[in-house]
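J.:
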Amino acid sequence: MRVQRGRAVNSVRAAGVPRHAEKPTATLAGAPLAPTARAAPVAAEVVTLRDSAVWDAPFANVLMRRVMDHYVRQTWTSPEDVETYFRKNQFDPATTRIICWRDVAVGWLSLRWSADEVFVDHVHIHPAFQGRGIGSVVLRRVLAEARARGLATRLQVLRVNPAARLYMRLGFRVHAETVTHFSMEVPAPAASATGNGCRPGTGDAGPRELAAQYPDVPLFVILKMDVQRRGLRMTTAALDAVQGPEYNYGRSYVLYGQGEAAPRYAPGPLLLRDGTSVLALADAGGRNPYTVDRIDDRFVLFDGDAYVDDVDFTSRPAYYGKRTRRGVPMESIASARPQRLDINPYRFCHFWEGGNQCKYCAYFTDVKAQERCADGRVAREVDLEDVYDTVREALQEPGRFSQVMLTSGADYRGERTFDFEVDRHIATLQAIGRNFRTRRFASQLIGCAYDQTQLRRLHAETGLTAYCPDIEVWDARLFEWICPGKAKWPGRDGWIRSALDAVDIFGPGNVYTNAVAGVELARPHGFATEDEALASHVEGCEFFARHGIVYLSLVWIPWRGSQFANQAQPSLRFYVRLIRELRAIRKAHGLLARNDDYRHCGNHGDSDLERLEVAA
Amino acid sequence: MTDAMVLPAEVLALLRHAGTRKVVATTGPDGAPHVAVRDALEVLEDGTLAFPEELDSSRTSRDLVHAIWFQRPVAVGIDRGDDRWVVRGTAERCLIVGPLFRRFLVAARQREGPDADIAAVWVIRPEVAWDETPAAARARDHERRPYAGAHLDRASIRREAGEDLDAGPAPGRQRRVGGEDVADSIADLDQASEASRR
Chain U
4 MRVQRGRAVN
14 SVRAAGVPRH
24 AEKPTATLAG
34 APLAPTARAA
44 PVAAEVVTLR
54 DSAVWDAPFA
64 NVLMRRVMDH
74 YVRQTWTSPE
84 DVETYFRKNQ
94 FDPATTRIIC
104 WRDVAVGWLS
114 LRWSADEVFV
124 DHVHIHPAFQ
134 GRGIGSVVLR
144 RVLAEARARG
154 LATRLQVLRV
164 NPAARLYMRL
174 GFRVHAETVT
184 HFSMEVPAPA
194 ASATGNGCRP
204 GTGDAGPREL
214 AAQYPDVPLF
224 VILKMDVQRR
234 GLRMTTAALD
244 AVQGPEYNYG
254 RSYVLYGQGE
264 AAPRYAPGPL
274 LLRDGTSVLA
284 LADAGGRNPY
294 TVDRIDDRFV
304 LFDGDAYVDD
314 VDFTSRPAYY
324 GKRTRRGVPM
334 ESIASARPQR
344 LDINPYRFCH
354 FWEGGNQCKY
364 CAYFTDVKAQ
374 ERCADGRVAR
384 EVDLEDVYDT
394 VREALQEPGR
404 FSQVMLTSGA
414 DYRGERTFDF
424 EVDRHIATLQ
434 AIGRNFRTRR
444 FASQLIGCAY
454 DQTQLRRLHA
464 ETGLTAYCPD
474 IEVWDARLFE
484 WICPGKAKWP
494 GRDGWIRSAL
504 DAVDIFGPGN
514 VYTNAVAGVE
524 LARPHGFATE
534 DEALASHVEG
544 CEFFARHGIV
554 YLSLVWIPWR
564 GSQFANQAQP
574 SLRFYVRLIR
584 ELRAIRKAHG
594 LLARNDDYRH
604 CGNHGDSDLE
614 RLEVAA
Chain X
80 MTDAMVLPAE
90 VLALLRHAGT
100 RKVVATTGPD
110 GAPHVAVRDA
120 LEVLEDGTLA
130 FPEELDSSRT
140 SRDLVHAIWF
150 QRPVAVGIDR
160 GDDRWVVRGT
170 AERCLIVGPL
180 FRRFLVAARQ
190 REGPDADIAA
200 VWVIRPEVAW
210 DETPAAARAR
220 DHERRPYAGA
230 HLDRASIRRE
240 AGEDLDAGPA
250 PGRQRRVGGE
260 DVADSIADLD
270 QASEASRR
């Protein structure tokens, strides 16, 4: 092998590498750090991966051409075909990590993670560093992570590329071939015999096993999180049974799921026997969903063929099917959880403009479906009189609602950031408030990061009792990546500041923040291990709890339509460990999540655990 | 899910009587017992017992959550004068919405005024019931342990000085236990006493 490090580096730099990308390439240029050919294999710990950025493109594309040119030309003789190959295989920063040897960029790796596999799109090592075992170190890590997540690892390699031998040594086997390529794979670990949908090899287990291992966490709560995590599908018999007036939730409820109008009417939230509601209606496709069947006039939950428990669905609210004075279907104005009336006065998130939406978010992805759900009467902005009428009618049903929740798409417009949104929420809360004799009424606003003036207005001008600016992702680096809109308007510090300021106004225990638990493990930039993710949540919860703020977790679902669709979720064990930690922290600080408890929200396993608290 | 046991007819009659006192007994996560009067408790068509809880933060609510989560038994005491029964069962379901929840809420408001409220309706699945009337309890005890525990100076047992050996228990000393005359039992005891004297 001919060592050509100087030329390679020079060609990259000539292509214009930005200053902060220079360090690794400049080091590569320095001969003292570069190993000579056939030197001793490198130790695994000196091989690291770093995130890539657009300015890595020259380095990556030049390196790929340098490494692959010979084999591509052996495979295709036509210059057009050769160029097509390289054009199709351009570097993509979203999926690529830079392989470093002692902080020197020596190659790159591109992976695509999906629900059942990780596909190795590219792994290229600079010729000067080949034969050191760097590629083996990197691929062994990929294989280990895929195994831990219960996934197959697959790749394609040109038949003429000797790298296929390396892949064979690492355990890949050819499972298909074409004239030009071998398709190779390391299969997923053997399927679990328990049929519990957990990923074998992760140390994960199904709900019953985890309930036995964590005896302080009830099976009901674990089951609820697993249903959220894996999704739910209904048999025809079960779906038939919810078409009538007792359970029919119309089509609006699915707005909470996939943003799709269901072909038939859907039921409301699933209810477990302990009274907990579960927001998991959508058929989640490849996540091994639970099944609800209808047997002898009962709804029955199955995991595969195994009976799990009897369940029920939230009954249809009496105001569904009625119309406001303006003729708008009331269920399009407010949707109902078991004890909570949810109102979304503004059905558009401005973060989606310019692609700044949170990467796990799939709301607002199908406006046409939302319109169908409401007979075409859904406007981007809800009319205040429709809100008043709907709440008035909803309160006619005895004991149906004990809280009103407001949320909407983020709207950063206005003189101050979010002024438009705050004005809208104040007007909506005032319209709701006309239905009550008391100045304050049990209510929660899941809003954006408002400043002190805006928060004081909300408190002074409305009957609002609780405020919830969701941080979603505590880790600063991942917050920037996953929530680019929030990172911009007004930035992570602004979101934290808003929560802290709100405590002075709404009082300790009346300010909440939610975390989309598990999303911090998303590929390619997320934490490498569940332990790291857990530690991050503990740090966030501790921080907020010290200031009287309730930090809650909810199960991350990689919705279709979100940028994180098809990402692998963490194990169920992760969620069990998480809710124990968060509950313990809040308990130590005397905090209870009464606004987001099992009756009102149903999304939080950690607040469910507080049901064992008793009034003094 | 198994069917609820069929409660005895006298229990069902007691439960349906307006003047019957009903008490729910639970244990907390720390094992501490707790009792609470829940007169709104009623028997449902499927044989389960249901009653409303006004507050989620009450000890009874907390204990019932513990019971349904960790399979702890729950007891219901039923008392109307001389008639007392105990039903032991499991916490079967917690309802926070739906027709039954609404029925109990409406009933509470009719009973206590329009501002009355409930947080949940709890459903108990009976597993065993027994007559807890003192006489019935004594009869069961005597059946199991005929000569243990009863104080020998009780009027039905101890013979006064000069009392005729053949006279049997003095008038007024006979007691009814579980509806059965216990004179035979007393006679047995007398015979046993005689035997021991010999």
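Chains U and X, in that order, are what the protein sequence lines are. Using my numbering, the first residue of the first sequence is number 4, and each one after it goes up by one. Using my numbering, the first residue of the second sequence is number 80, and each one after it goes up by one. Every residue gets a Cβ at the ideal spot worked out from N, C-alpha and C, and that includes glycine.
Of all the residues that make up the region 145-164 of chain X, which are near chain U by a beta-carbon distance shorter than 8 Å?
T.: The region 145-164 of chain X vs chain U, Cβ under 8 Å: H145, I147, W148, F149.
J.: With DSSP collapsed to three states, give me the class of X/R181.
T.: Here X/R181 sits in helix by DSSP.
J.: Taking the straight line between their C-alpha atoms, what separation do you get for U/P487 and X/P205?
T.: For U/P487 and X/P205, the distance between alpha carbons rounds to 55 Å.
J.: Flag this pair as touching only if the region 307-323 of chain U and the region 238-255 of chain U have three or more C-beta atom pairs under 8 Å; answer yes or no.
T.: Yes, since at least three Cβ pairs between the region 307-323 of chain U and the region 238-255 of chain U fall closer than 8 Å, the two stretches touch.
J.: Is the distance from the Cβ of U/I552 to the Cβ of U/A502 below 8 Å?
T.: Their beta carbons are under 8 Å apart, which means U/I552 touches U/A502 by this criterion.
J.: Starting from U/Y470, trace the beta strand (DSSP E) in both directions and tell me its first and last residue.
T.: Here the beta strand (DSSP E) through U/Y470 covers 469-472.
J.: Taking one C-beta from the region 471-482 of chain U and one from the region 563-579 of chain U each time, how about it: are there three or more such pairs within less than 8 Å?
T.: Because the criterion of three Cβ pairs below 8 Å is not met, the region 471-482 of chain U and the region 563-579 of chain U do not touch.
J.: On the DSSP bridge assignment, give the partners of U/N517 in chain order.
T.: DSSP output for U/N517 lists U/L555 as bridge partner(s).
J.: Give me the chain X residues within the contact set of U/P401, using Cβ-Cβ distance strictly less than 8 Å, ordered along the chain.
T.: Neighbours of U/P401 on chain X, chain order: R181, L184, V185, R188.
J.: Taking CB distances under 8 Å as the criterion, tell me whether U/L142 reaches chain X.
T.: Answer no: the Cβ-Cβ gap between U/L142 and chain X never drops below 8 Å.
J.: Decide yes or no for the touch test of the region 526-533 of chain U against the region 490-508 of chain U: beta carbon pairs closer than 8 Å, at least 3 of them.
T.: As far as the Cβ criterion goes, the region 526-533 of chain U does not touch the region 490-508 of chain U, which means the pair count is below three.
J.: Any Cβ of chain U within less than 8 Å of the Cβ of X/L174?
T.: Yes, X/L174 counts as interfacial toward chain U.
J.: Can you find the residues in the same chain that come closer than 7 Å, C-beta to C-beta, to U/R597, ignoring five residues on each side of it along the sequence?
T.: Taken in chain order, the list of residues that qualify is empty.
J.: Quick one: grab the DSSP three-state call for U/D306.
T.: Residue state, collapsed to three classes: strand.
J.: Figure out for me which residue from U/R443, U/V85, U/F439, U/C361 has the closest Cα to the Cα of U/A463.
T.: Residue U/R443 is the option with its Cα nearest to U/A463.
J.: Report the option in U/D313, U/T279, U/K362 whose CA atom is closest to the CA atom of U/A97.
T.: Selected option, being the one with the closest Cα: U/K362.
J.: Taking DSSP as the reference, what is the three-state secondary structure of X/R238?
T.: In the structure shown, X/R238 sits in coil (DSSP, three-state: anything other than H, G, I, E or B).
J.: With U/G627 and U/A339 assumed to form a contact (beta carbons below 8 Å), what rounded beta-carbon distance in angstroms separates them?
T.: With chain U running from 4 to 619 in the structure shown, residue 627 of chain U is simply not present.
J.: Under three-state DSSP, which class holds U/W104?
T.: Three-state DSSP puts U/W104 in a strand.
J.: Which residues mark the beginning and the end of the alpha helix (DSSP H) in which U/D299 is found?
T.: Note, U/D299: premise wrong, no alpha helix (DSSP H); not H, not E.
J.: Is U/I336 helix, strand or coil when you go by DSSP?
T.: Coil, per DSSP.
J.: Just curious, the alpha helix (DSSP H) that U/G450 is in, first and last residue?
T.: Where U/G450 is concerned, there is no enclosing alpha helix (DSSP H), although the beta strand (DSSP E) it sits in stretches over 446-450.
J.: Comparing C-alpha positions only, which one of U/E523, U/G466, U/A151, U/V476 sits nearest to U/I508?
T.: Here the closest residue by C-alpha is U/G466.
J.: Go to U/V145, then tell me how far its alpha helix (DSSP H) extends in each direction, as first and last residue.
T.: Residues 137-151.
J.: I need the DSSP call for U/C544, collapsed to helix, strand or coil.
T.: If DSSP states are grouped into helix, strand and coil, U/C544 belongs with the helices.
J.: If you measure beta-carbon to beta-carbon, which residues of the region 84-102 of chain X are closer than 7 Å to chain U?
T.: Result list empty, no residue passes.
J.: Checking 8 Å against the spacing of the C-beta atoms, do U/Q457 and U/F421 come in under that value?
T.: The answer is yes: Cβ separation under 8 Å.
J.: Please report how far the alpha carbon of X/I147 lies from the alpha carbon of U/A587, in whole angstroms.
T.: Their Cα atoms are separated by approximately 22 Å.
J.: Would you verify that the beta carbon of U/V617 is, or is not, closer than 8 Å to some beta carbon of chain X?
T.: Closer than 8 Å: yes.
J.: Are the CB atoms of U/N438 and U/V394 nearer to each other than 8 Å?
T.: It is a contact, given that the beta carbons lie within the stated cut-off.
J.: According to DSSP, is U/G110 part of a helix, a strand, or is it coil?
T.: It is a strand residue.
J.: Starting from U/T156, follow the beta strand (DSSP E) in both directions and report where the run begins and ends.
T.: Start and end: 155-161.
J.: Near U/H592, which residues of its chain fall below 8 Å by C-beta distance, leaving aside the five closest residues on each side in sequence?
T.: Answer for U/H592: A548, R549, G551, listed in chain order.
J.: Would a check of beta-carbon distances place U/G278 closer than 8 Å to chain X?
T.: It does: the Cβ of U/G278 has a partner Cβ on chain X nearer than 8 Å.
J.: What residues from the region 185-215 of chain X come within 8 Å of chain U, judged by C-beta to C-beta, listed N to C?
T.: Within the region 185-215 of chain X, the qualifying residues are V185, R188, D196, I197, A198, A199.
J.: With 8 Å as the threshold, decide whether the Cβ of U/Y256 is near any Cβ in chain X.
T.: Any reading at U/Y256 must be qualified, since the residue scores a pLDDT of 46, below 50, and its modelled position is unreliable; the value itself is stated next. So, not an interface residue.
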